[in-house]
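Whatever position you read off the sequence shown (first residue = 1), add 609 for the numbering used here.
From the three backbone atoms N, C-alpha and C, an ideal C-beta is built for every residue, glycine too.
Predicted model, so just to flag it, every value in this text is computed and none were measured.
Scroll down for the structure; my scribbles are underneath it.
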Amino acid sequence: MYRGRSPPPVKRAVLSSSARGMSAESPADHQYRTLALDTALGTGLAVLVYALLKLSLSGLRVWRARVSVLVVGAGPVGLTAALVAVRSGKVLKLTLLDARYRSALLCRPQQIALDPRSVRFLLDLGVDFDNMEGCWRNEHFFTKIGVFQEYLLSILEQNKQKGDVEVHLGTKFSEEYLRKMSRAEWPRVIVVADGSCGDSCSVLGISTDYIVESCHAYGANATIERLDQRQVPTPEIRAHSLYFDLSAYGIDTVKDRRNSCQPAAKPGFHLKIYGTFRNRYMALACTSEADSKMMHFLRHTANSSIMKNIFHQSFNAYKTDIEPRLSEPTLHHMQCSRRLFEIMLSYRRVSAAYIEGDNVAVTVEGEAARVLNFDTGCGVNLGMRGLESLGMFIYRTATALDRNDVFEALSAKIQHSRHVAETFRRSGLASAVFE
Ligand SMILES: Cc1cc2nc3c(=O)[nH]c(=O)nc-3n(C[C@H](O)[C@H](O)[C@H](O)COP(=O)(O)OP(=O)(O)OC[C@H]3O[C@@H](n4cnc5c(N)ncnc54)[C@H](O)[C@@H]3O)c2cc1C
């Protein structure tokens, strides 16, 4: 009996016919169907368990993978590299070497200027700028090189207590150091950050060839050392579109300005005064596009007092009000380039390598990898750019299944290193000096 609306008769007929079909299945068919279903389910489950097991085993392997890392050089780049390694979570043991003892390492007079990108990179590594002596201007952080190094050393020394970090100051990386190392002690990754004068690459048998390329600009540097002045972190000063009166040497500046500067080129010179009041540095630069009689003259003059005069006048014009002027009697505190020179970037042909037999992957960082013949006053940032790929390199080397994986990690590191050099050559001076 149906209450309410009854279903249409046709549908009822269909339903009853399909019900008949079901009841028509023989017990053998039913058994076969059940068996097939069970087998499919069983196989599926086995595949799923296998995949899960494989995934978790490979996850476990990746999670447990650790390598021992040796960092050569405790300059700002070497120390940051050591921090990147520790933070990568893939280091079994980290050893940091520097040929200098602590006092010599931390007493260098220069300042470093960390640009906004380096600041962000260091913040991600846990660097606390509020706990470091320094000052900010235009999102750049200025601090003494020794203050920065001491801060990073203290972070590494906190890890030292956990036993996985060793810092050996006063220890030179040399053939003798390698000889004394037992095979079991050999690291899987070596980060060479031994600066522009280091020779660790030759110790490791890595090519010391450099590619030298023009940055399409000319420059000159000066230093002023005044021991009676303060050595506290000080922001840099920049000045642009400078012209100098060289009429006494037959160079007509006004005419030269009107005729020679191409519209797209940044006209005139760019000046930067940086460092502490005790150790002042100056960088003077111009783009080669803005080539003019004045630049030509300053590139070729044999009279070194012209450059000295230019730096002298520029310093007095742009220095801060609270520091003393340079006068004739104090001019001997200043050393400077004799003439303008072409700014060139040198970078290593081989910036990462694999040492066959010892199964060691080497990467070269900081000024050991790329260096200018001109001090921009923020050279450390070029080193920091290279380190942006170090964490991934250590991760990939640690989790490599075979040598091919290590080669791929090395190849990516080399590509990044080239990219850093090429980007700097194209636009690095603009942000460091010209803007
Ligand atoms: C005069 C001057 C002024 C500068 N002013 C500024 C500035 O105002 N702002 C700025 O940002 N940058 C400035 N710079 C640049 C800045 O100092 C460098 O960019 C920075 O120091 C490079 O760091 P690094 O770690 O690559 O090399 P380095 O600082 O040179 O460190 C290399 C370390 O490796 C060690 N070492 C070398 N060989 C071995 C070995 N075989 N075994 C063990 N250890 C070894 C050395 O003892 C050294 O401590 C200035 C540089 C100079 C020279």
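- Looking only at Gln-720, Ala-674, Asp-854 and Arg-847, the smallest Cα-Cα distance to Asn-747 is reached by Arg-847.
- Taking each of Glu-759, Gly-755, Leu-991 and Leu-1038 in turn and checking the Cα distance to His-1028, the smallest one comes out for Leu-991.
- Listed in chain order, the non-local C-beta contacts of Thr-689 below 6 Å within the same chain comprise Leu-996, local neighbours out to five positions each way being set aside.
- Its chain contains Ser-955, Tyr-956, Arg-957 and Arg-958 as the residues whose beta carbon lies nearer than 7 Å to that of Tyr-819, once the 5 sequence neighbours on both sides are disregarded; these appear in chain order.
- Taking one beta carbon from each stretch, the stretch 670 to 688 and the stretch 738 to 747 have fewer than 3 pairs nearer than 8 Å; the two do not touch.
- Counting along the chain, no alpha helix (DSSP H) covers Ala-961; the unbroken beta strand (DSSP E) around it starts and ends at 961 to 964.
- Secondary structure of Ile-815 (DSSP, three-state): coil.
- Each residue's CA atom was taken as its position, placing His-639 and Leu-657 some 27 Å apart.
- Our two residues, Ser-763 and Ala-1007, have alpha carbons roughly 26 Å apart in a direct line.
- Considering only Arg-1005, Phe-751, Ile-721 and Ser-960, the residue with the shortest C-alpha distance to Leu-813 is Ser-960.
- Contact fails between the stretch 962 to 982 and the stretch 934 to 946, because fewer than three Cβ pairs, one in each stretch, are under 8 Å apart.
- Counting along the chain, Lys-781 sits inside no beta strand (DSSP E), nor does DSSP assign it H or E at all.
- Not one heavy atom of ligand 1 falls within 7 Å of the beta-carbon of Tyr-819.
- If you check the CB distance, Ala-722 and Leu-1038 do not come in under 8 Å.
- Taken through DSSP and simplified to helix, strand or coil, Cys-716 comes out as coil.
- A heavy atom of ligand 1 is found nearer than 7 Å to the CB of Ala-722.
- Remark: the shortest separation between the CB of Cys-987 and any heavy atom of ligand 1 falls under 7 Å.
- In the three-state scheme derived from DSSP, where H, G and I count as helix and E and B as strand, Ile-1003 is classed as helix.
- Fewer than three Cβ pairs drawn from the stretch 708 to 720 and the stretch 730 to 742 lie within less than 8 Å of each other, which leaves the two stretches out of contact.
- Residue ranges of uninterrupted alpha helix (DSSP H) with 4 or more members, entirely inside the stretch 722 to 797 and ordered along the chain, are 725 to 733, 754 to 769 and 784 to 789.
- Note on Asn-830: 16 or more other CB atoms within 10 angstroms of its CB, so buried under the neighbour-count rule.
- Exposure of Asn-968 is indicated by the presence of fewer than 16 other C-beta atoms within 10 angstroms of its C-beta.
- For Ala-649, there are no CB contacts under 7 Å within the same chain when 5 residues up- and downstream are skipped.
- For Glu-976, the Cβ falls inside the 7 Å cut-off from some heavy atom of ligand 1.
- Of the residues Arg-792, Ser-809, Thr-643 and Gly-653, the one whose Cα lies closest to the Cα of Gly-966 is Arg-792.
- Looking only at Arg-947, Lys-902, Val-800 and Lys-769, the smallest Cα-Cα distance to Phe-782 is reached by Val-800.
- Scanning its chain for C-beta atoms nearer than 8 Å, with the 5 sequence neighbours on each side dropped, one finds around Gln-922 the residues Phe-853, in chain order.
- In this structure, the beta-carbon distance from Thr-885 to Gln-840 falls below 8 Å.
- Under the three-state reduction of DSSP, Asp-808 is assigned to coil, being neither helix nor strand.
- Residue burial annotation: Ser-635 is exposed, with fewer than 16 other C-beta atoms found within 10 angstroms of its C-beta.
- Its Cα nearest to that of Ser-677, the residue Glu-775 stands out among Ala-708, Gly-687 and Glu-775.
- With 16 or more other CB atoms across the displayed protein chains lying within 10 angstroms of its CB, Asp-707 is buried.
- Exclusion of Phe-920 from the 7 Å shell around ligand 1 follows from its C-beta lying no nearer than that to any non-hydrogen atom of the ligand.
- Residue pairing from DSSP leaves Arg-1027 without any beta-bridge partner.
- Here His-879 is bridged, per DSSP, to Ala-894.
- In the displayed model, Ser-635 falls within coil according to three-state DSSP, outside both helix and strand.
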